[in-house]
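Protein chains in written order, with the working numbering: chain A, 1 to 105; chain B, 1001 to 1369. The beta carbon of each residue, even a glycine, is placed where N, CA and C say it ideally should be. See structure below.
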């Protein structure tokens, strides 16, 4: 019920007073109300729930955290990084993912 | 698809499972609030991937599951009228009322339609001025802005044949009720990422402080949930009880302001009954008095209709995280998605349906040991 799907905003138009967008989800396009994301522009990714965009996805935040996750994935196969990490872990008191990985940096 | 595929990367998921294993030293009970998260956990078998010390119990975050039986009875009553077109999200049609469900009414010839968005109901009202169009406005905070906006736009347009049967519920009061319960087992919560996209997570700080319980706002893909579990385990192992945000690509502390504004303009906080749980003070939303002309309960004079719930399934304990679906003697036998006894078996997001769909019922013996 709270399902929300990310898609790319490819077009916006004004229908009466409503700002409406076309959002592409993979190969499918849907019309979406943009009342709650006045800041969203063509090219942005938005999160869509029951016909309304409820947020504009934060590209920078997504990139940052995903790179951290990717490093975690790589750590598994890289003994050198693994060693660095365990050293960093003993130094770093911050337990969060971002904290641990920032410490490796 | 972007923002989905990368959060299903098996290598990262495995690495996070290893991280959780390294971190955990004793048993912890965690609860994911949202039914969408329950679905992901079951679908990807995450509950079986993580170390046995970390037990996941499933929360009440399935609006279909917690909509009280009397609201379903009201929906059935309204939908049965010959001049009404009743519009609902699909899942609600099979939820049993005390005598019938909406599918039953539809089969008898009532005009019951399934919609993906409340704006479709507004469109139907606009196109059919001689029909009284009623939208079944259920959901958590995620759905409230859309349902509020439908009423708002209908009023702006001057539509007089559109109304909403509202049964909206809120997450923080439900968490409070669970934590206040003397038999509570939950030690850490994964907060629902899409509810928090709308409302932010500032409200959860008071709960974390008061009950000394860590809360991590989590997303819906397997990597999101594994990361959220890891963050919770880290907090618990270190004795911290903070609110952290795993789902930062869409969730901010303050949430979506325009969405919150429309909720405030159209709805007001009210006591709500939760199916299987009972009445929780200030745990829901109803239409404000200035939207009385769009309130189906008032229009159709059903405000006093009430009904008792049958005591034939253990959904109350499942929704409170006290029991697992497989603990129910009816699970997979007398109760299946085709013939549900209780709402958690109806909704795709209900815990019972998730267990059933991903074949946990074949594992009954090991689950109950």
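Per-residue burial, residue i [other beta carbons within 10 Å of its own, 16 or more giving buried]
| i | result |
| --- | --- |
| residue 1116 of chain B | exposed |
| residue 1128 of chain B | exposed |
| residue 1197 of chain B | buried |
| residue 1074 of chain B | buried |
| residue 15 of chain A | exposed |
| residue 1094 of chain B | buried |
| residue 54 of chain A | buried |
| residue 1279 of chain B | exposed |
| residue 51 of chain A | buried |
| residue 10 of chain A | exposed |
| residue 1010 of chain B | exposed |
| residue 1257 of chain B | exposed |
| residue 1205 of chain B | exposed |
Interface flag, residue i vs chain B, CB-CB below 7 angstroms
| i | result |
| --- | --- |
| residue 57 of chain A | yes |
| residue 27 of chain A | no |
| residue 61 of chain A | yes |
| residue 9 of chain A | no |
| residue 78 of chain A | Only weak support is given to the placement of residue 78 of chain A: the predicted model assigns it a pLDDT of 49, under 50, and the value that follows is read from those uncertain coordinates. Cβ-Cβ to chain B under 7 angstroms: no for residue 78 of chain A. |
| residue 81 of chain A | Residue placement at residue 81 of chain A is flagged as unreliable, the pLDDT there being 49, under the threshold of 50; a coordinate-derived value is accordingly withheld. |
| residue 3 of chain A | yes |
| residue 69 of chain A | yes |
Closest Cα partner of residue i within the set the options
| i | options | result |
| --- | --- | --- |
| residue 19 of chain A | A:42, A:60, A:63, A:61 | A:42 |
| residue 1133 of chain B | B:1299, B:1304, B:1306, B:1254 | B:1299 |
| residue 1150 of chain B | B:1119, B:1128, B:1126, B:1127 | B:1119 |
| residue 1190 of chain B | B:1217, B:1152, B:1080, B:1200 | B:1217 |
| residue 1104 of chain B | B:1122, B:1072, B:1083 | B:1072 |
| residue 1209 of chain B | B:1356, B:1176, B:1136, B:1155 | B:1176 |
| residue 1181 of chain B | B:1316, B:1122, B:1094, B:1140 | B:1316 |
| residue 1063 of chain B | B:1284, B:1356, B:1302 | B:1284 |
| residue 1239 of chain B | B:1258, B:1215, B:1223 | B:1215 |
| residue 1326 of chain B | B:1307, B:1049, B:1356 | B:1356 |
| residue 1271 of chain B | B:1277, B:1281, B:1142 | B:1281 |
| residue 1084 of chain B | B:1046, B:1036, B:1135 | B:1135 |
| residue 1305 of chain B | B:1096, B:1226, B:1069, B:1114 | B:1069 |
| residue 67 of chain A | B:1249, B:1275, B:1274 | B:1249 |
| residue 996 of chain B | B:1001, B:1232, B:1171, B:1167 | Residue 996 of chain B cannot be examined here, being either before or after the span of chain B that is shown, 1001 to 1369. |
| residue 1088 of chain B | B:1102, B:1114, B:1101, B:1067 | B:1114 |
| residue 1048 of chain B | B:1096, B:1220, B:1014 | B:1014 |
| residue 1146 of chain B | A:28, A:32, A:62, A:44 | A:32 |
| residue 63 of chain A | B:1041, B:1036, B:1002 | B:1002 |
C-beta neighbour in chain A for residue i, strict 7 angstroms
| i | result |
| --- | --- |
| residue 1345 of chain B | no |
| residue 1127 of chain B | no |
| residue 1140 of chain B | yes |
| residue 1456 of chain B | Nothing about residue 1456 of chain B can be reported from this structure: the residues present for chain B run from 1001 to 1369 only. |
| residue 1248 of chain B | yes |
| residue 1077 of chain B | no |
| residue 1144 of chain B | no |
| residue 1036 of chain B | yes |
| residue 1011 of chain B | yes |
| residue 1349 of chain B | yes |
| residue 1364 of chain B | Annotation note: pLDDT 45 at residue 1364 of chain B (below 50); position unreliable, no value reported. |
| residue 1006 of chain B | yes |
C-alpha distance - residue i paired with residue j, whole-angstrom precision
| i | j | result |
| --- | --- | --- |
| residue 1157 of chain B | residue 4 of chain A | 28 angstroms |
| residue 81 of chain A | residue 1187 of chain B | Note that residue 81 of chain A scores 49 on pLDDT, short of 50, meaning its location in the model is unreliable; the coordinates nonetheless yield the value given after this. Roughly 33 angstroms between the two C-alpha positions. |
| residue 1253 of chain B | residue 1201 of chain B | 5 angstroms |
| residue 1080 of chain B | residue 1107 of chain B | 11 angstroms |
| residue 1007 of chain B | residue 1212 of chain B | 30 angstroms |
| residue 71 of chain A | residue 1098 of chain B | 54 angstroms |
| residue 1269 of chain B | residue 73 of chain A | 44 angstroms |
| residue 1154 of chain B | residue 1339 of chain B | 37 angstroms |
| residue 1243 of chain B | residue 1353 of chain B | 30 angstroms |
| residue 1004 of chain B | residue 1307 of chain B | 42 angstroms |
| residue 1348 of chain B | residue 1264 of chain B | 30 angstroms |
| residue 58 of chain A | residue 1292 of chain B | 38 angstroms |
| residue 1231 of chain B | residue 1259 of chain B | 29 angstroms |
| residue 1245 of chain B | residue 1251 of chain B | 7 angstroms |
| residue 1343 of chain B | residue 1078 of chain B | 20 angstroms |
| residue 1067 of chain B | residue 65 of chain A | 36 angstroms |
Which residues, in order along the segment 1013–1027 of chain B, keep a beta-carbon less than 8 angstroms from a beta-carbon of chain A?
If you check each beta-carbon in the segment 1013–1027 of chain B against every beta-carbon of chain A, the ones closer than 8 angstroms belong to 1014, 1015, 1016, 1018, 1019.
Compile a chain-ordered list of the residues in the segment 1254–1288 of chain B whose CB is closer than 7 angstroms to at least one CB of chain A.
Closer than 7 angstroms at the C-beta level to chain A, one finds these residues of the segment 1254–1288 of chain B: 1256, 1258, 1259.
With 7 angstroms as the limit, tell me which residues of the segment 11–25 of chain A have their beta carbon closer than that to any beta carbon of chain B; keep them in chain order.
Of all residues in the segment 11–25 of chain A, 25 have a Cβ within less than 7 angstroms of some Cβ in chain B.
Against chain B, which members of the segment 33–59 of chain A pass a CB distance test of less than 9 angstroms?
Within the segment 33–59 of chain A, the residues whose Cβ lies closer than 9 angstroms to some Cβ of chain B are 33, 35, 36, 37, 38, 45, 47, 49, 50, 51, 52, 54, 55, 56, 57, 58, 59, listed in chain order.
Against chain A, which members of the segment 1101–1122 of chain B pass a CB distance test of less than 7 angstroms?
Residues 1116, 1117, 1118, 1119.
Residues in the segment 1192–1223 of chain B having any Cβ partner in chain A nearer than 7 angstroms
Of all residues in the segment 1192–1223 of chain B, only 1192, 1194, 1195, 1197, 1198, 1223 come within less than 7 angstroms of chain A when Cβ atoms are compared, listed by chain position.
Using a Cβ cut-off of 8 angstroms, which residues of the segment 1058–1075 of chain B contact any Cβ in chain A, in chain order?
Contact residues of the segment 1058–1075 of chain B toward chain A are 1061, 1062, 1063, 1064 (C-beta to C-beta distance below 8 angstroms).
According to a CB-to-CB cut-off of less than 7 angstroms, which residues of the segment 1146–1159 of chain B neighbour chain A?
Those would be 1146, 1149, in chain order.
Mind listing which residues of the segment 1078–1101 of chain B have their C-beta closer than 8 angstroms to chain A's C-betas, in chain order?
Across the segment 1078–1101 of chain B, CB contacts with chain A closer than 8 angstroms involve 1089, 1091, in sequence order along the chain.
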